[in-house]
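Residues in the sequence shown are numbered consecutively from 580, following this note's numbering.
Using N, Cα and C, we set each Cβ at its ideal position, and we do this for glycine too.
On a predicted model such as this, the values are computed, not experimentally measured, just so you know.
Presented below is the structure to which this report refers.
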Amino acid sequence: MGSEAHPLHILFFPFMASGHILPMVDMAKLFASHGVRATVLTTPANLPLVEAAIDLANRSHQHPIQLRLIPFPSTNVGLPDGCENLSYVSFVQHPTFFTAVVMLQEPFRCVLADLLPDAVVTDWLLPWTFDVSEELNIPRLVFHGVSTFALCANASLIDKPFPPPDVESIVIPSFPRQVELLRSQLADVAKAGPVILEIFEQIARCEPKSFGVVVNSFYELESEFAHHLRTVVGRKTWHVGPLSLCNKHTKEKCRRGISIPTMEADKCLRWLDDRDRDRDSVLYVCFGSLGTFTKAQFHELALALEAWGHPFIWVVRECSDDWWPDGYTERTQGRCMIMKGWAPQILLLNHTAVGGFVTHCGWNSCLEAVSSGVPMVTWPLFADQFFNEKLITEVLRIGVAVGAKQSTVDAEERPLLAAAEIERVISQLMDGDDEEAKRMRRRVRKLSLMAKTATEEGGSSHGDVENLIQELIDRRGLEDKPAVISAFNLKEI
C-alpha cells in the first residue's frame, strides 16, 4: 500500500534468537504481500535463518524484501567470533550476550539514518531502538512474540513485588479470568542479573511511548485478553497472526529457518505417509531452540516415549550417545524418527498423521499447533511458557499438562519428571477412546479453521494489517505536509 512510486517502507529488526527471527521474517513477508517495501535487519551469522525464505518470497512480491546486515560485537564482550544467536550460548552467558546486543545501538542508528524508513518494527527485547527511532522522528512498533494472555499477565504483575518464599501460589490480579500459578512457575527477573534487569526497566519505560504493539496472534483466539490489553492495560495493538500461515507451500515450509534439503523433507513426509493409515497416530516432540534437559530427564522422556509404544518424531539438540538408554534405537526401530538440531516444524505439524505435540509452550510452537489443529502435551520450561500453558490447558482446553512446576533456564534446577507420569499424560492425549481428548481435538480443529479465516481477506488479522498500514500512510502524509505559517508568525517575518 502507498503509492507505486513511493511505497510505505518498514524496517524489521528481530532479536537474535531463532524464535524471534522467524516470526519477524514471516511478518516482513506478510507486509510485503500487502505492497509494503520491507527491509529485514540482522547480523551475518543469522543470515542462514532468513536468506532462503526471503529469496523464495521475493519471486512473488512487487517490492522485494531487502536484507541489511550489521556486525555483532561477539569478541568485544568475550564471546567466540560468530556467536550471534542466543541458542549458541549457555544460560550463564546470557548477560554477556545481552551486553553485546545493547552495543548494536550505534550500528542501528547508522542504518536508520541511511534508510529513513516510514516505521520500524523491533523486538520487545530491543527497547533502546525506541530512543534511536524517536531521535529521527520514525515511529517504532514493538513486536511481541508472546501470547496476548502473557502480555496481560505480565502487565498485571509488573508492578507487584515477587512473592516471598512462604507464598506457594498466586492468583493473577486484575485479570479477565481467575488464573492461579505456583510461585515457582513465575519468572523472577531480578535473578537474571543487572544487565537483563536494566533491559526490562528500559522495556517498561519505552514500550508505552512507542507507536503501538504488534502481536503474533488472532483476535478470535484470545478475544477477552485482546480487549483487556487495549482497554485496561491501554496498549494500542494490532493482532496480525498466525504469522506462520504466510508459508502456504511445502517449499516455503522447508525454507523457513535453517533450510533443509528437499530430499530430507521428502524423507520425513514419506515416513509420515507410511503411518497415515491411522490418522492422528504420530506424536511430535520438540522443545524449541533454547530448551535443554539434564541427562536424567532426557533419559526419562526417552523411556516414556518407548513405553507409550506408538510412532513419534523427536527433535533433539546435540547430545552424547550415552544419554540414550541402552539398546534404544533397536527397540524403537520403525516407529521412531530422531531429528537432530532442526526440523521443518510447520510442515510436520500439518501432516494428517501427526495427532499430538509435546511442546515447551513457546508461543510460536503453541500457535503453530493451533493453526495445524494439533492438541498439545504442555511442558513449559521458563519465561512466558507457563502463562501459555494456562491458556492452552485451562482457557482454550486444547492440551494436557505434564506437570512442570519450576520456571528456570537452568535444567539442573528443575525437579525430575518420571517416565511413568510422562507416558500417562501422552496416553491421555493420544488415546482415541478418551472423551476429553476427543473434545480437545474438536476444539483445536475449530480454532485451526478460525486461524486460517483470520488471515484471509475480510478476516480479523488481515484487517489489522491493513489498518496498521493505513495508519502509517496517514502519518507519513501528515509528516510530509508543509508547515502552515500562522498570522502570528507572519508578524515576525
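Cβ-based burial, residue i [other Cβ within 10 Å; buried from 16]
| i | result |
| --- | --- |
| K770 | exposed |
| A766 | buried |
| V949 | buried |
| T654 | exposed |
| V604 | buried |
| E663 | buried |
| P593 | buried |
| L695 | exposed |
| K969 | buried |
| G661 | exposed |
| E1071 | Confidence is the limiting factor: at E1071 the pLDDT is only 34, short of 50, which leaves the residue's position unreliable, though a coordinate-based value still follows. Exposed. |
| Q684 | exposed |
| V746 | exposed |
| E991 | exposed |
| T810 | exposed |
| P821 | buried |
| A692 | exposed |
Residue i in three-state terms, based on DSSP
| i | result |
| --- | --- |
| R616 | strand |
| M918 | strand |
| I1072 | At I1072 the pLDDT is 29, less than 50, meaning the model places this residue with poor confidence and gives no usable figure here. |
| W903 | coil |
| V1063 | Because the pLDDT at V1063 is just 39, under 50, the model does not fix this residue reliably, and the point stays unresolved. |
| L776 | helix |
| P674 | helix |
| S712 | helix |
| W707 | coil |
| P821 | coil |
| P686 | helix |
| R638 | coil |
| G870 | coil |
| E885 | helix |
| N664 | coil |
| L926 | helix |
| N826 | coil |
| T987 | coil |
| D853 | helix |
| P742 | coil |
Presumed contact (8 Å Cβ cut-off) between residue i and residue j, rounded CB distance
| i | j | result |
| --- | --- | --- |
| P718 | A698 | 5 Å |
| N967 | S726 | 6 Å |
| E885 | R910 | 6 Å |
| A607 | V619 | 5 Å |
| V812 | C689 | No, V812 and C689 are not in contact; Cβ-Cβ is about 34 Å, not under 8 Å. |
| H818 | S612 | That pair is no contact at about 17 Å. |
Alpha-carbon to alpha-carbon, residue j and residue i
| i | j | result |
| --- | --- | --- |
| M955 | D901 | 29 Å |
| H588 | S748 | 47 Å |
| C945 | I649 | 31 Å |
| E724 | F961 | Strictly speaking, residue 724 in this sequence is Gly, with Glu absent from that position. G724 and F961: Cα-Cα distance of roughly 15 Å. |
| M916 | E831 | 22 Å |
| D852 | R858 | 10 Å |
| R835 | D845 | 16 Å |
| L590 | R756 | 36 Å |
| R849 | H585 | 47 Å |
| S597 | D702 | 12 Å |
| A632 | V750 | 42 Å |
| I1052 | K827 | 28 Å |
| A998 | F877 | 10 Å |
| Y863 | C940 | 13 Å |
| D1012 | L800 | 27 Å |
| R856 | V933 | 11 Å |
| Q1007 | S1027 | 22 Å |
| Y907 | F670 | 30 Å |
| D905 | V953 | 32 Å |
| L995 | L882 | 13 Å |
| L776 | F804 | 26 Å |
| F687 | V711 | 8 Å |
| P773 | P890 | 46 Å |
| V937 | G1037 | 33 Å |
| E714 | A983 | 45 Å |
| Q985 | V979 | 17 Å |
| K919 | V629 | 20 Å |
| K1017 | A1030 | 20 Å |
| R976 | R1020 | 10 Å |
Residues that residue i bridges to, as DSSP identifies them
| i | result |
| --- | --- |
| T701 | F592 and V721 |
| T938 | C865 and T957 |
| R647 | L620 |
| H599 | Note: H599 sits in no beta bridge, so no partner. |
| T816 | V792 |
| I749 | L760 |
| G978 | M955 |
| F891 | L862 and C915 |
| V933 | V861 |
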